[in-house]
Amino acid sequence: MQSYKHIVRDENKIRGMFPLVVLLAFFLTLLCSLPSFCYAEYPDQELEISPEDIYFNRLHKEIISKAEMKVVNIYRYWLIVLTVLSFVLFITLSLLLIYVLKLKNSRSGAPDSIDKEVEERTENLNYALQKAHVEEMIRSAYLATSVHELRNFLNNVIGLSGIMLDKSSGEINAQQEKIISHIKESSQHIMHSINDAHEAYKLATRQQITRMEEFELLPFLEYLIGSFSVKAKEKGLQLRLKPLQESHMIYSDKGRLEQILINLLSNAIKYTDKGFVEISCEREDESIHISVSDSGTGVPDKLKDMIFRPFIKGEKHNEGSGLGLYISNELTKLIGGEISLQSTSEQGSSFCITLPVKGTT
1 MQSYKHIVRD
11 ENKIRGMFPL
21 VVLLAFFLTL
31 LCSLPSFCYA
41 EYPDQELEIS
51 PEDIYFNRLH
61 KEIISKAEMK
71 VVNIYRYWLI
81 VLTVLSFVLF
91 ITLSLLLIYV
101 LKLKNSRSGA
111 PDSIDKEVEE
121 RTENLNYALQ
131 KAHVEEMIRS
141 AYLATSVHEL
151 RNFLNNVIGL
161 SGIMLDKSSG
171 EINAQQEKII
181 SHIKESSQHI
191 MHSINDAHEA
201 YKLATRQQIT
211 RMEEFELLPF
221 LEYLIGSFSV
231 KAKEKGLQLR
241 LKPLQESHMI
251 YSDKGRLEQI
261 LINLLSNAIK
271 YTDKGFVEIS
281 CEREDESIHI
291 SVSDSGTGVP
301 DKLKDMIFRP
311 FIKGEKHNEG
321 SGLGLYISNE
331 LTKLIGGEIS
341 LQSTSEQGSS
351 FCITLPVKGT
361 T
């Protein structure tokens with residue numbers, strides 16, 4: 001666009017020069033036609049002599065001869081001068097005309113070439129976008145099918161293992177029970193990793209949707225405490241819900257919030273060998289703070305800044321996909337909240353989820 005403006009400006013300058021060139025040519029022509037200009041080299045006494053006087057006066061033959069020579073020389077001189085000036089004027093006008101034609105062609109051709117290039121690039125980008133969209137659809141369909149098949153297989157393994165451990169299909173010895181228990185735990189672990197990977201993929205490709213609703217917070221938290229009570233008891237941990245000062249209503253996606261708190265409670269129990277895991281809740285203005293605290297190993301200082309990135313795992317427990325906190329962070333953003341961490345190494349951690357009390361319009 002800048003070069004196009006320069007072209008227009010130069011063309012306007014050249015157009016403004018044509019009247020000056022025409023006036024200059026007219027002035028030179030008029031000047032050459034003036035008698036006073038043509039006879040500028042003659043003395044006054046020579047100009048006063050008439051042809052008759054010269055012809056009949058033999059005494060002036062020498063003057064006549066000199067005058068004739070002078071006239072011839074003057075005409076030759078001005079003929080050369082006018083020829084040179086005409087040639088220079090012709091060359092100048094020709095060059096100006098050529099330059100103007102080039103500017104006009106470049107001016108008319110540049111937008112066409114730019115438009116053509118923009119059109120070609122747009123077509124290429126549209127083609128690449130459509131191709132990427134088709135590839136993404138194929139990849140999503142393949143992943144969904146694969147995850148579905150794996151889940152069905154693992155659910156069958158977990159279900160059959162549970163039946164065998166219940167001894168409803170017959171008695172098993174201690175060695176067999178140990179092997180079957182290991183099969184069930186490994187299958188559950190693989191199922192959890194597959195679910196996390198699929199969830200992370202859907203979050204990255206923005207395939208998740210939210211279903212916002214208003215619900216009471218206290219029964220929701222009591223249900224979560226009951227879901228993890230057996231697991232906490234097996235590790236000898238105290239799982240507790242800090243008493244709420246009042247019943248709070250919250251507007252959020254209940255399923256997503258449950259998924260977030262399940263991840264946080266699972267991590268808290270996994271990284272706590274003794275002591276407690278606690279859920280607390282308090283309201284501040286138009287926000288609700290839900291905290292999951294524990295007395296476990298805490299988060300090392302070097303991991304605090306990257307704890308919500310994918311595939312980050314603790315040092316003492318290397319099992320798992322390393323996607324739990326990443327998914328929790330992304331889901332919290334999805335439902336309009338934020339999550340923060342306060343932790344001291346070897347003294348425990350506290351993850352706080354901040355959510356708006358009411359939905360934003």
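The numbering of the sequence shown is my numbering, which starts it at 1 and goes up by one. Glycine residues also receive a C-beta, built at the ideal position from the N, C-alpha and C atoms.
Limits of the unbroken alpha helix (DSSP H) element including Thr354: Looking up residue 354 in the sequence shown gives position 354. Segment Gly348 to Pro356 is the beta strand (DSSP E) holding Thr354; no alpha helix (DSSP H) there.
Integer-rounded CB distance, given that Asp301 should sit under 8 Å from Ser345: In the sequence shown, counting from the first residue as 1, residue 345 sits at position 345. In the sequence shown, counting from the first residue as 1, residue 301 sits at position 301. Under the criterion of beta carbons closer than 8 Å, Ser345 and Asp301 qualify as touching, at roughly 7 Å.
Nearest-angstrom Cα separation, counted from Leu244 out to Leu218: For the purposes of this step, residue 218 is taken as the residue at position 218 of the sequence shown. For the purposes of this step, residue 244 is taken as the residue at position 244 of the sequence shown. When rounded, the distance between both Cα atoms is 8 Å.
Sequence-distant residues of its chain with Cβ nearer than 6 Å to Ser293 (five each side left out): In the sequence shown, the residue the question calls residue 293 occupies position 293. Contacts found: Glu278 and Ser350.
Asp285 (DSSP reduced to helix, strand or coil): In the sequence shown, residue 285 corresponds to position 285, counting from 1. Looking at Asp285 - three-state DSSP - the assignment turns out to be coil, as it is neither helix nor strand.
Sub-9 Å separation of Thr210 and Ile335 beta-carbons: As a working mapping, residue 210 is identified with position 210 in the sequence shown. As a working mapping, residue 335 is identified with position 335 in the sequence shown. Contact: yes.
From Ile180, Ala197, Ile353 and Lys270, residue whose alpha carbon lies closest to that of Ser146: Within the sequence shown, the letter at position 146 stands for residue 146. Closest by alpha carbon: Ala197.
Contact between the segment 214-233 and the segment 244-264 (3+ Cβ pairs under 8 Å): In this structure the segment 214-233 touches the segment 244-264; the number of beta carbon pairs closer than 8 Å is three or more.
Residue closest to Leu257, alpha-carbon to alpha-carbon, out of Glu284, Ser295, Ile327 and Lys242: Reading the sequence shown from its first residue, position 257 is the one you call residue 257. The residue from Glu284, Ser295, Ile327 and Lys242 with its alpha-carbon nearest to that of Leu257 is Ile327.
Option in Leu150, Ala174, Ala204 and Glu286 with minimal Cα separation from Asn189: Walking along the sequence shown from the start, residue 189 turns up at place 189. For the record, residue 189 in the displayed sequence is His; it is not Asn. The shortest C-alpha separation from His189 is found at Leu150.
Every unbroken alpha helix (DSSP H) within the segment 244-331, with a cutoff of 4 residues, ordered by chain: If one requires a minimum length of 4 residues, the alpha helix (DSSP H) runs lying completely within the segment 244-331 are 254-270 and 301-304, in chain order.
Which residues DSSP lists as bridging Glu338, in chain order: Mapped onto the sequence shown, residue 338 falls at position 338. Beta-bridge pairing by DSSP links Glu338 to Thr354.
Residues that Gln188 bridges to, as DSSP identifies them: Working through the sequence shown from its first residue, we reach residue 188 at position 188. None, per the DSSP bridge assignment.
Own chain partners of Ser394 with C-beta closer than 6 Å, once the 5 adjacent residues on each side are dropped: What the structure shows of the chain is the stretch from 1 to 361, and residue 394 is not part of that stretch, so it cannot be assessed.
Three-state secondary structure assigned by DSSP to Glu214: By 1-based counting over the sequence shown, the position of residue 214 is 214. Residue state, collapsed to three classes: strand.
Beta-ladder partner(s) of Arg240, from DSSP: Translated into positions along the sequence shown, residue 240 becomes position 240. Paired residues: Glu278.
Rounded straight-line distance, which links the Cα of Ile80 to that of Ile74: Here residue 74 corresponds to residue number 74 of the sequence shown, with the count starting at 1. Here residue 80 corresponds to residue number 80 of the sequence shown, with the count starting at 1. Taking the straight line from one Cα to the other gives about 10 Å.
Inter-residue spacing [alpha-carbon to alpha-carbon] between Glu246 and Gln208: Numbered from 1 along the sequence shown, position 246 holds the residue referred to as residue 246. Numbered from 1 along the sequence shown, position 208 holds the residue referred to as residue 208. In this structure, the CA atom of Glu246 is about 32 Å from the CA atom of Gln208.
Exposed unless 16 or more other CB atoms sit within 10 angstroms - verdict on Ala369: No answer is possible for residue 369: the residues shown for the chain start at 1 and end at 361.
Under the three-state DSSP convention, the category Thr122 falls into: Walking along the sequence shown from the start, residue 122 turns up at place 122. Shown here, Thr122 sits in a helix according to DSSP, grouped into three states.
Per DSSP, the bridge partner or partners of Thr344: Counted from its first residue, the sequence shown places residue 344 at position 344. The partner list for Thr344 (beta bridge, DSSP) reads Gly348.
Alpha-carbon spacing of Leu101 relative to Ser94, whole angstroms: Here residue 101 corresponds to residue number 101 of the sequence shown, with the count starting at 1. Here residue 94 corresponds to residue number 94 of the sequence shown, with the count starting at 1. Between Leu101 and Ser94, the C-alpha separation is close to 11 Å.
Cβ-Cβ separation, Tyr201 to Leu143 (assumed contact under 8 Å), whole Å: Start at 1 with the first residue of the sequence shown, and residue 143 comes out as number 143. Start at 1 with the first residue of the sequence shown, and residue 201 comes out as number 201. 6 Å between Cβ atoms; contact.
Lys184 vs Gly162 beta-carbon contact at 9 Å: Here residue 184 refers to the residue found at position 184 of the sequence shown. Here residue 162 refers to the residue found at position 162 of the sequence shown. Cβ atoms of Lys184 and Gly162: closer than 9 Å.
Euclidean distance between Cα positions of Leu154 and Ala232: As a first step, residue 154 must be located in the sequence shown, where it is residue number 154. As a first step, residue 232 must be located in the sequence shown, where it is residue number 232. Their backbone Cα atoms lie some 25 Å apart in a straight line.
Outcome for Glu330 when other beta-carbon atoms lying within 10 angstroms are tallied against a minimum of 16: Numbered from 1 along the sequence shown, position 330 holds the residue referred to as residue 330. Classification of Glu330: buried, given that the 10 Å Cβ count is 16 or more.
Reduced DSSP category for Gln130 - H, G, I as helix; E, B as strand; rest coil: As a working mapping, residue 130 is identified with position 130 in the sequence shown. Three-state DSSP puts Gln130 in a helix.
CA-to-CA distance, Arg240 to Arg283, given in whole angstroms: Position 283 of the sequence shown holds residue 283. Position 240 of the sequence shown holds residue 240. Looking at the two C-alpha atoms, the distance is approximately 19 Å.
Leu97 burial status per 10 Å Cβ neighbour count (16 or more: buried): As a position in the sequence shown, residue 97 is number 97, starting the count at 1. Classification for Leu97: exposed.
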